[in-house]
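To start, the structure under review is shown below, and the notes come after it.
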Amino acid sequence: MKIIIHALTGLFSLLFISSHAHGHGIGDKPLDGALNMTPPVSCSITTTDDKKVIQVSLTNQSSHTWQLLSWHTPFDAWFSRFMSVTVIGGEKDGEIVPYQGALAKRGAPNAEDYLQLAAKTSLSVTLDLAQAYELPSADYLITINPFELHQVDNKSKSFTLACPTIKLAL
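Each residue of the sequence shown is one higher than the one before, starting from 0 at the first, in the numbering used here.
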């Protein structure tokens, strides 16, 4: 029992020291690293009146500017396979719908390939799924691949953003 108490005390001390070493406290500020439960940028996906059209929005709740490489994200339009579309239900349950859009071959990214998301702002893109996927009437799960964002004024700060999965009924 004493060993467990000592181990828990040591773990708490390590977490407390680690959080302060990164400049964040335990109170009302989020902890860094894997313990950060509130990412500075959030992602939302909504449908429009045309169910095959979705809107993907990033919202920066922080006081810092973040940037992302637009490649392989919804902001790349249909030049890469940045999402998966999976049939749910019926005889094709679990089947991945093939991507039929363009695939761009690229060299090293340039400055214009990066998008910046200023503090307290949002960035949105509207995507017509029918431009890259054949979607007959069925239920689908749309999953966007996670992508990385970097803090502009501190390149060592970065995180991977995972957008929520959305269900479409067509």
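Note that beta-carbon positions come from the ideal geometry of N, C-alpha and C, so glycine has one too. Please read these numbers as outputs of a predicted model, since none were measured by experiment.
Q) Taking DSSP as the reference, what is the three-state secondary structure of residue 75? A) It is helical.
Q. Looking at the structure shown, is residue 138 part of a helix, part of a strand, or coil, going by DSSP?
A. DSSP places residue 138 in strand when its eight states are reduced to three.
Q: Kindly list the residues whose CB is nearer than 6 Å to the CB of residue 156, restricted to its own chain and excluding five residues on each side of it in sequence; keep chain order.
A: Cβ within range, chain order: 150.
Q. Considering only residues of the same chain and omitting the five flanking positions on each side of residue 77, which have a CB-CB separation below 7 Å?
A. The beta carbon of residue 77 is closer than 7 Å to those of 100, 101, 130 and 131 in its chain, skipping five residues each way along the sequence.
Q) Per DSSP, what kind of secondary structure is residue 130 in: helix, strand or coil? A) Residue 130 sits in a helix when the DSSP states are folded into three classes.
Q: Could you tell me how far apart the beta carbons of residue 134 and residue 96 are, in whole angstroms, since I believe they sit closer than 8 Å?
A: Going by Cβ atoms, the distance from residue 134 to residue 96 rounds to 7 Å, so yes, they are a contact pair.
Q: Classify residue 39 as buried or exposed, calling it buried when 16 or more other Cβ atoms lie within 10 Å of its own Cβ.
A: Buried, since its Cβ has 16 or more Cβ neighbours within 10 Å.
Q | Secondary structure of residue 161, DSSP reduced to three states | A | Secondary structure of residue 161 (DSSP, three-state): coil.
Q: Give the range of the beta strand (DSSP E) segment to which residue 115 is assigned.
A: For residue 115, the uninterrupted beta strand (DSSP E) segment begins and ends at 113-116.
Q. Is the beta carbon of residue 52 sitting closer than 7 Å to the one on residue 124?
A. Their beta carbons are not under 7 Å apart, which means residue 52 does not touch residue 124 by this criterion.
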